């Protein structure tokens, strides 16, 4: 390692780069561009997958029951509510919450346009979300025809939050029935739903009169402290008939993400986009390093004639690659932060600079630069000190 | 430095042609030897062989007591550290200042600290009269100044043998003369042997010995200027075509 960085020597790699500012600027712009492209594409991809489970993450549950016919949150099938009661027979189960789940048509009270909104129906006294603040608000749902509206829903649902804060009574139609907004909750739109609302089971059934009696779409199971969810899930799978599937909470989220990952082209498209950025970056860095080595070939040959080892000179090229990687990554990271903020405000997608992705992109840039340096080094083998006399 | 029965060929098979034929040459420590002769007679080849830049094919080349024939790449690279080289072009690193260029030479002295190597580089630049141009890039120096930086760089490695290939070729006569005198003086002070290839008749008087090469053979040797009558200037480019 000390041979690689040669502590107290002329920083030849740096000077080779720095004394050609135009070339350095082009190289850094190219690397930064590739980095930004990778940040964007991977950010979108992860953001979209994360966004598909915005609601899923909020549930207060250790285990989740769903119908085996359910493919994703935009097409939840029903299963008998009795299964939850059966699950209560297991000593490790502390409590359960039956949840109705469907996409209904919400009429924007301002523009009268309708739009599909994710509606969850539950017993207002049952725990639903981890956030304890809901309990107090849920009380208002005990009255018929009352709903809680998610203030993070997209603007197309109407200025519900503003009106409510201004003290107005907000009433609108959901699935053709009149409802009153009794309060606001903070959930966030997901990939499958642009907006959310909560209501009582009773109101839900009034909005969806066709729901078969005793059928629910989601069952939340909370366990006694200290019990192992995996073990209990296994017991429940044996206990319950096969008209219901048991998931851990993590598995419930993964199930949803997996749907978007495997049943749509999103993952492929964005991964391909990131790969394109990588390839473009490779081409640029290779071009820069190759022409740098070619231009300085007589100088490298001179150094070899003076007694410098080929390995040492390869180290110079490697250090150039490393410097380019680090210097190019910084603007890419900063620009990535900026773009993520822009995406968050523009699309309400939960896109953030998570350390893992920052590391992945840095690794990609490093591989890009060091790989290009390794390719450019082959040119260095042409430096024959005997030819310079 | 001692050369015995050195032969060298370029090319392979039918195309193979001999450029050196049984060359014998010895240079004593501190001696300044000039090598002249027409172009293409093998002077540069001899220089690259003595400078451990090429593998010796036939015969013996001993530098500092090491036999170069059959030496490995690593051995030759190690021997090159004891040899200073000055080229026709200055071959300075364009991205380094004069001082940094010289220090690239001094950096090969592994047992010196960074500060000592830097001070040494500055001393050498002062010795070649460039004390005021330490931080200039080669781009901003004149041809003579660049060649002087190259000399400082070669001497900064504390060589015991200095090889120079037409160091005055790119310089006007007065600058060329100055540079060579500087080179000779500094090398003498260091006790460093010099083998210099040149076509320039005006500098022959600085040599302890002049060696003439023709068709890959050393034909005559003499003491300095006496060898050359005014009617027999070495004619660059007029040698026999091989």
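Residue numbers (this note's numbering), protein chains in the order written: chain P, 471 to 859; chain C, 136 to 377.
Note that beta-carbon positions come from the ideal geometry of N, C-alpha and C, so glycine has one too.
In this text the structure is predicted, and so the values were computed from the model without any measurement.
- A buried status is given to residue 211 of chain C, since no fewer than 16 other beta-carbon atoms sit within 10 Å of its beta-carbon.
- Using a Cβ-Cβ cut-off of 8 Å, residue 501 of chain P does not count as an interface residue toward chain C, since no Cβ of chain C sits closer than that to its own.
- Put simply, the segment 254-267 of chain C does not touch the segment 174-188 of chain C. Fewer than three CB pairs are less than 8 Å apart.
- Spatial neighbours of residue 308 of chain C in its own chain (CB-CB distance under 7 Å, excluding positions within 5 residues in sequence) are listed in chain order as 337.
- At the C-beta level, residue 551 of chain P and residue 686 of chain P come within 8 Å of one another.
- For the options P:623, P:681, P:665, P:611, the alpha carbon positioned closest to that of residue 650 of chain P is the one of P:611.
- With a threshold of 8 Å between beta carbons, residue 139 of chain C makes no contact with chain P.
- Sequence-ordered contacts of the segment 209-229 of chain C with chain P read 209, 212, 213, 214, 215, 216, 217, 218, 219, 220, 222, 223, 224, 226, 227, 228, 229 [C-beta pairs closer than 9 Å].
- The Cβ of residue 319 of chain C sits no closer than 8 Å to any Cβ of chain P.
- Per DSSP, the continuous beta strand (DSSP E) segment holding residue 643 of chain P begins and ends at 641-644.
- Counting of Cβ neighbours within 10 angstroms places residue 199 of chain C among the exposed residues, the total staying below 16.
- Taking a cut-off of 8 Å for Cβ pairs, the segment 553-572 of chain P and the segment 718-730 of chain P do not touch, as fewer than three such pairs fall below it.
- The three-state secondary structure of residue 202 of chain C, taken from DSSP, is strand.
- Taking 8 Å as the threshold, the shortest C-beta distance from residue 240 of chain C to chain P falls below it.
- Note on residue 286 of chain C: 16 or more other CB atoms within 10 angstroms of its CB, so buried under the neighbour-count rule.
- In the three-state reduction of the DSSP assignment, residue 667 of chain P falls in the strand class.
- With a threshold of 8 Å between beta carbons, residue 777 of chain P makes contact with chain C.
- Taken residue by residue, none of the segment 610-630 of chain P has a beta-carbon sitting less than 7 Å from a beta-carbon on chain C.
- Taking the Cα positions, residue 549 of chain P is about 48 Å away from residue 504 of chain P.
- One finds 188 in chain C with Cβ atoms closer than 7 Å to the Cβ of residue 855 of chain P, taken in chain order.
- Annotation for residue 753 of chain P: no beta strand (DSSP E) segment contains it, though the alpha helix (DSSP H) segment containing it runs 736-765.
- At a beta-carbon threshold of 8 Å, the residues of chain P lying near residue 235 of chain C are 480, 485, ordered along the chain.
- At a cut-off of 8 Å between C-beta atoms, residue 330 of chain C does not count as an interface residue with respect to chain P.
- With a cutoff of 8 Å on beta-carbon distance, residue 510 of chain P and residue 809 of chain P are scored as near each other.
- Within 7 Å of the CB of residue 489 of chain P, the CB atoms of chain C belong to 230, in sequence order along the chain.
- At the C-beta level, residue 346 of chain C and residue 170 of chain C come within 8 Å of one another.
- Put simply, the backbone Cα of residue 670 of chain P is about 13 Å away from that of residue 604 of chain P.
- Secondary structure note for residue 331 of chain C: its beta strand (DSSP E) is the uninterrupted segment 328-332.
- For residue 568 of chain P, no alpha helix (DSSP H) run applies; the uninterrupted beta strand (DSSP E) run containing it begins and ends at 563-577, by DSSP.
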